[in-house]
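A.B. asks: Count along the sequence shown starting at 1, add 716, and that's the number in my numbering.
Note that beta-carbon positions come from the ideal geometry of N, C-alpha and C, so glycine has one too.
The structure displayed is predicted, hence computed values, not measured ones.
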Amino acid sequence: MKHTLLPLSLLLLALSGCQKPKTETPVEPAAVPRAQTVRDTTLYGVATDDFGMSTFAVQLDSTAGDPLIVERTHEDGTDGIIYGDAQPDDRFALTLEDGGKTLGVAINLSQVEAITKDYRVVNGRLLLLTDGQADTVRIERLDADSLIAKGVREYRLGRKTK
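1) From the DSSP output, read off the bridge partner residues of I855.
2) Which residue marks the beginning of the beta strand (DSSP E) containing E870, and which one marks its end?
3) How would you label T757, buried or exposed, when you count the other beta carbons within 10 angstroms and need 16 or more for buried?
4) By Cβ distance below 7 Å, which residues in the same chain neighbour L826 in space, the five residues on each side in sequence not counted?
5) Using only alpha-carbon positions, find the residue among Y799, D861, R836 and T811 that is nearest to I855.
6) By the 10 Å Cβ neighbour count, where 16 or more other Cβ atoms means buried, how is E744 classified, buried or exposed?
7) Suppose the cutoff is 6 Å on Cβ atoms and the five residues either side in sequence are ignored; what does the same chain contact list for T838 look like?
8) Confirm, please, whether the CB-CB distance from G796 to G820 is below 9 Å.
9) Alpha carbons only, please: which of A780, G768 and G867 is nearest the one belonging to L844?
10) For a test of the three-state rule: what should DSSP assign to A860, helix, strand or coil?
11) Which residues in the same chain have their Cβ closer than 6 Å to the Cβ of R872, if we skip the five residues on either side of it in sequence?
Laid out in structure tokens, this is it:
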């Protein structure tokens with residue numbers, strides 16, 4: 717029996733190596749840039765005076781009627797992030813979490829636009845447009861007079877005077 721197992725094992729090993737190698741068909745990259753295929757979840761609107769220390773209120777551009785009022789603290793106890801000052805009548809870009817009940821990120825666009833017009837917001841992330849390129853940045857400071865952010869490079873932008 718020993719004498720038949722060894723030749724049989726060698727035969728199976730040889731046959732398994734004789735399979736035709738799999739060839740993969742090259743896949744062409746998508747013609748649409750990735751930034752255009754991502755679904756943007758950013759909401760836009762104007763802050764109302766209905767917010768308080770634990771809530772954020774905004775009249776969304778997409779809806780009429782009552783303002784959207786969401787909690788600032790998530791279900792897990794962490795706080796939503798507000799870049800810039802939370803002031804009534806300022807325009808904001810925001811994202812929601814916890815099924816739309818809490819604030820994810822809010823960016824004061826009135827303050828951004830006072831400093832630069834070369835920007836976009838995608839999914840609550842600020843993209844600064846310089847030299848024809850979009851740089852997704854992490855906002856370190858945003859107020860009425862300045863925007864400090866880091867992406868591929870560091871940005872220190874001041875308010876433009878008329």
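C.D. replies: Once the coordinates are examined:
1) One-based indexing of the sequence shown puts residue 855 at position 139. Answer is A865, bridged to I855.
2) Residue 870 sits at position 154 when you count from the first residue of the sequence shown. In the DSSP annotation of this structure, the continuous segment of the beta strand (DSSP E) that includes E870 starts and ends at E870 to G874.
3) As a first step, residue 757 is located in the sequence shown; it is residue number 41 there, counting from the start. The residue in question, T757, is exposed, as its Cβ has fewer than 16 Cβ neighbours within 10 Å.
4) Counted from its first residue, the sequence shown places residue 826 at position 110. Rather than Leu, the amino acid found at residue 826 in this sequence is Ser. Close CB contacts of S826 within its chain, under the 7 Å cut and outside five residues either way in sequence, are with D806 and R807 (chain order).
5) Position 139 of the sequence shown, counting from 1, holds the residue named residue 855. Measuring from the Cα of I855, the nearest candidate turns out to be Y799.
6) The residue you call residue 744 lines up with position 28 of the sequence shown. Confidence is the limiting factor: at E744 the pLDDT is only 42, short of 50, which leaves the residue's position unreliable, though a coordinate-based value still follows. With fewer than 16 other Cβ atoms within 10 Å, it is exposed.
7) If you number the sequence shown from 1, residue 838 lands on position 122. Going by the sequence as given, residue 838 is Val instead of Thr. Contacts found: D756.
8) Residue numbering aside, residue 820 sits at position 104 when the sequence shown is read from its first letter. Residue numbering aside, residue 796 sits at position 80 when the sequence shown is read from its first letter. Contact: yes.
9) Counting from 1 along the sequence shown, the entry for residue 844 is found at position 128. Among A780, G768 and G867, the Cα nearest to that of L844 is on G867.
10) As a first step, residue 860 is located in the sequence shown; it is residue number 144 there, counting from the start. Of the three classes helix, strand and coil, the one that applies to A860 here is coil, per DSSP.
11) Against the sequence shown, residue 872 aligns to sequence position 156. Same-chain partners within the cutoff: I864.
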